[in-house]
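Residue numbers (the numbering used here): 21 to 147.
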């Protein structure tokens, strides 16, 4: 979710939705996004100041200060395990569902992690 702040006009204010992984279940993804947004509103979570710089041009030390979402399945699993209480509100998700989801995704991650990547295989097969 992105909230552009470049226009002073109240009519131009909006929320931009950046789609999650195309393989994600849309019902689960949209429900989780909505619950996260409601959690932010209810708990008055400060999203921080707008970042009006090109992230690709930031020096590494400045980029390290910018919060980001997980960039791997393992990172997403860890983030979900660390913070999912907001998903339990409103009886949309329950603790058993979250635990089973984490277990299923961990098995998917392990299935890939425990096998060589095709590029790795091609690179080292004849060594």
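All residues carry an ideal CB built from backbone N, CA and C; glycine is no exception. Every value quoted in this text rests on a predicted model; they were computed, and no experiment measured them.
Open item on the list: I need the straight-line Cα distance from residue 56 to residue 142, nearest angstrom please.
Closed with: So the two alpha carbons sit approximately 42 Å from each other.
Task: C-beta contact flag for residue 14 and residue 89 at 8 Å - done: With the chain covering only 21 through 147, there is no way to say anything about residue 14.
Task: Proximity below 8 Å, CB of residue 125 to CB of residue 93 - done: Between residue 125 and residue 93, the C-beta gap is smaller than 8 Å, which places the two residues in contact.
Task: Spatial distance of residue 28 from residue 139 (CA atoms) - done: Separation of residue 28 and residue 139 (C-alpha to C-alpha, rounded to the nearest whole angstrom) is 49 Å.
Task: Residue interval of the alpha helix (DSSP H) (run including residue 92) - done: Unbroken run through residue 92: none, as it is neither H nor E.
Task: Boundaries (first-last residue) of the alpha helix (DSSP H) holding residue 147 - done: According to the DSSP assignment, residue 147 belongs to no alpha helix (DSSP H), since it is labelled neither H nor E.
Open item on the list: Using C-beta distances below 8 Å, list every residue in its chain close to residue 112, excluding the 5 sequence neighbours before and after it, in chain order.
Closed with: Cβ within range, chain order: 51, 55.
Open item on the list: What does the alpha-carbon distance come out to for the pair residue 66 and residue 145?
Closed with: In this structure, the alpha-carbon of residue 66 lies about 51 Å from that of residue 145.
Open item on the list: Quick check: the Cα distance between residue 129 and residue 39, rounded to an integer number of angstroms?
Closed with: If I take the Cα positions, the gap works out to 22 Å.
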